[in-house]
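Student:
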Amino acid sequence: MNKRILIAGGSIAGLTLAHWLARYGFRPTVVERAPRLRVGGNGVDLRDHAVDVAERMGIMPQVRAAAADVQGMNFVDADNRTIARLDIQEPGAVEIMRGDLVGLLYGATQSGVDYLFGDAIRHLEQDDDGVTVAFEHAATARFDLVVGADGMHSTVRRLAFGPHSRYVRHRGHYFAFADTDAALGQDRWMTMYNVPGKMAGIYRSGNHSQAKAYFLFRSEVLSYDHRDVEQHKRLVRDVFAGENSWRVKDLLAAALADPDFYFDALSQVQMDSWSTGRVALVGDAAWCASPASGAGAELAIVGAYRLAGELTAAGGDHRLAFPRYRDSHRELVAKKQQIGVNLRLMAPKTAGGKRIRDTFARLPIMRIMRALQRLAPGRPVPALPEYPSPANCPK
Ligand SMILES: Cc1cc2nc3c(=O)[nH]c(=O)nc-3n(C[C@H](O)[C@H](O)[C@H](O)COP(=O)(O)OP(=O)(O)OC[C@H]3O[C@@H](n4cnc5c(N)ncnc54)[C@H](O)[C@@H]3O)c2cc1C
26 MNKRILIAGG
36 SIAGLTLAHW
46 LARYGFRPTV
56 VERAPRLRVG
66 GNGVDLRDHA
76 VDVAERMGIM
86 PQVRAAAADV
96 QGMNFVDADN
106 RTIARLDIQE
116 PGAVEIMRGD
126 LVGLLYGATQ
136 SGVDYLFGDA
146 IRHLEQDDDG
156 VTVAFEHAAT
166 ARFDLVVGAD
176 GMHSTVRRLA
186 FGPHSRYVRH
196 RGHYFAFADT
206 DAALGQDRWM
216 TMYNVPGKMA
226 GIYRSGNHSQ
236 AKAYFLFRSE
246 VLSYDHRDVE
256 QHKRLVRDVF
266 AGENSWRVKD
276 LLAAALADPD
286 FYFDALSQVQ
296 MDSWSTGRVA
306 LVGDAAWCAS
316 PASGAGAELA
326 IVGAYRLAGE
336 LTAAGGDHRL
346 AFPRYRDSHR
356 ELVAKKQQIG
366 VNLRLMAPKT
376 AGGKRIRDTF
386 ARLPIMRIMR
396 ALQRLAPGRP
406 VPALPEYPSP
416 ANCPK
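Each residue of the sequence shown is one higher than the one before, counting from 26 in our numbering.
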């Protein structure tokens with residue numbers, strides 16, 4: 026049986042996978058490039074099957090206790106007057122700060138998992154019996170399987186499947202998140218200010234004293250080093266430097282002082298297959314839907330649960346498990362990758378588009394959508410499978 030499994034990436038997908046693999050009796054090792062857990066980021070959503078997975082992991086009470094409890098989006102004008110509000114609370118769903126979720130997943134992954142922080146895979150070579158992995162620092166080692174949970178810029182994907190350009194699709198925007206002064210935003214709301222093609226905003230969770238700034242702008246593909254934070258800051262500063270309206274200047278000044286400033290292209294990953302031989306991908310590495318989907322954490326948690334479950338159901342045989350994992354998860358991924366409406370909502374391209382957005386946001390749109398769902402509920406979502414656990418599965 027394939028027992029020794031290397032997971033690249035210690036974030037939402039990698040930690041969830043490590044938990045379930047360890048629970049099913051596999052021996053996962055997590056290699057994370059950062060020297061410690063990366064706890065930056067805004068609120069992320071757990072809904073539907075992701076809530077079921079978190080329940081089964083036993084972390085749902087803590088997730089609920091740490092819930093960000095954000096009411097919705099508050100669109101403001103240059104004088105900070107509300108133009109429109111959109112209530113985004115979904116029944117049964119929980120929004121939690123990404124860092125809090127990563128901490129809870131890590132806490133649930135302490136037994137039966139080896140960690141290698143501050144390292145990364147440099148090279149991998151697979152044969153019929155396993156995968157030989159060369160690390161940047163640790164000694165070369167053999168594993169039965171390797172899973173890339175290393176995000177949109179996945180090294181595992183590049184090494185095993187080919188260049189990023191084959192799979193990563195630019196969706197015309199860039200975004201940044203960073204800490205900012207909480208006094209600039211309204212408690213439990215995402216306050217958003219738009220000029221055509223750009224958005225600056227503040228996210229104030231109900232459970233945290235600090236606030237997160239976020240920036241979004243339309244742009245063709247830019248050339249930069251995705252690991253150079255100082256370069257990212259210069260890019261965002263240049264785009265927003267001329268914007269003196271609303272609180273953009275203050276927001277930007279606070280964000281640029283944050284060493285954990287997080288910037289990326291709003292891109293999606295599209296692949297026909299998430300495995301090749303003994304190597305598989307999970308989370309953003311396989312199907313990044315982008316933060317505009319509001320579903321990155323949900324997809325990562327459900328996908329990781331299914332991957333571990335299919336492996337245990339197949340007695341560790343990756344040739345059976347990997348295709349079943351993809352078939353069971355691809356429909357949800359395809360659905361969540363539809364982000365056109367969300368982008369038009371967050372960063373209308375023109376002044377006319379912004380007026381339409383504001384009119385739209387003044388309608389009780391979420392209530393209307395829920396009512397429509399009740400009238401035409403569509404295809405029922407199949408229940409999340411309970412995978413068989415081996416007799417020696419630790420409880
Ligand atoms: C710091 C940070 C902040 C984020 N903030 C938000 C947010 O506010 N809103 C939002 O919607 N999404 C955010 N995301 C993305 C979000 O976490 C993912 O969309 C989603 O949860 C899927 O998670 P993932 O585990 O697949 O990927 P990610 O969360 O991107 O995690 C990938 C992990 O792999 C590690 N890694 C990268 N390369 C290597 C390598 N070669 N070897 C080993 N490890 C590697 C990274 O350090 C990271 O820990 C953020 C991601 C990060 C890393």
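Just so it is clear, CB atoms sit at the ideal spot from N, CA and C, and this is done for glycine as well.
#1: On a Cα-Cα basis, can you pick out the residue from W299, A338 and V358 that is closest to V327?
#2: Should N232 be listed as close to ligand 1, given that the test is whether its C-beta is under 6 Å from any heavy atom?
#3: Kindly indicate the opening and closing residues of the beta strand (DSSP E) around D112.
#4: Roughly how far, in whole angstroms, is the beta-carbon of R81 from the beta-carbon of G117, given that I think they are within contact range, below 8 Å?
#5: What runs of the alpha helix (DSSP H), each 4 residues or longer, lie entirely inside the stretch 64-97?
#6: For D263 and L345, what's the separation of their Cα atoms in angstroms?
#7: Report the partner residues of N99 according to the DSSP bridge assignment.
#8: Can you give the Cα-Cα distance for P188 and A325, rounded to whole angstroms?
#9: What is the DSSP secondary structure of D275, counted as helix, strand or coil?
#10: For a minimum of 4 consecutive residues, which ranges assigned as the alpha helix (DSSP H) are wholly contained in the stretch 222-290?
#11: What does the Cβ neighbour count give for K360, buried or exposed, with the cut at 16 atoms within 10 Å?
#12: Taking all protein chains shown into account, decide if K28 is buried (16 or more other Cβ within 10 angstroms of its Cβ) or exposed.
#13: Pull up the CB-CB distance for A33 and A174, whole angstroms please, since I reckon it's below 8 Å.
#14: Under the rule that 16 or more other beta-carbon atoms within 10 Å means buried, what is W312, buried or exposed?
#15: Strictly by DSSP, which residues pair up with D204?
#16: Could you check which residue in H343, Q293 and G222 has the C-alpha nearest to that of M371?
#17: Closer than 6 Å by C-beta to G308: which residues in its own chain qualify, once you throw out the five before and the five after it? Chain order, please.
#18: Determine the DSSP secondary structure at Y199, reduced to helix, strand or coil.
#19: By how many angstroms is the C-alpha of L31 removed from the C-alpha of V172?
#20: Kindly indicate the opening and closing residues of the alpha helix (DSSP H) around E323.
#21: Should I252 go down as buried or exposed, given a rule of 16 or more other Cβ atoms within 10 Å for buried?
#22: For L281, which residues of its own chain have a beta-carbon under 7 Å away from its beta-carbon, when the five flanking residues on both sides are left out?
#23: By DSSP, does D309 sit in helix, in strand, or in coil?
#24: Measuring straight from C-alpha to C-alpha, what distance separates S248 and D289?
#25: Can you list, in chain order, the residues of its chain whose CB lies under 7 Å from that of M26, leaving out five sequence neighbours each side?
#26: Would you call the stretch 190-202 and the stretch 291-301 in contact, with 3 or more CB pairs under 8 Å?
#27: By Cβ distance below 8 Å, which residues in the same chain neighbour R183 in space, the five residues on each side in sequence not counted?
#28: Is the Cβ-Cβ distance between I84 and A159 less than 7 Å?
#29: Determine the DSSP secondary structure at I364, reduced to helix, strand or coil.
Tutor: With the given structure in hand:
#1: V358
#2: no
#3: T107 to D112
#4: Wrong, their Cβ atoms sit about 16 Å apart, outside the cutoff.
#5: 73-82 and 85-90
#6: 50 Å
#7: R110 and T216
#8: 22 Å
#9: helix
#10: 254-265 and 273-281
#11: exposed
#12: exposed
#13: 6 Å
#14: buried
#15: K237
#16: G222
#17: A38, A174 and A325
#18: strand
#19: 6 Å
#20: G321 to A338
#21: It should be noted that the sequence gives Arg, not Ile, for residue 252. Per the 10 Å Cβ criterion, exposed.
#22: K258 and R262
#23: helix
#24: 12 Å
#25: G340 and G341
#26: yes
#27: H189
#28: no
#29: coil
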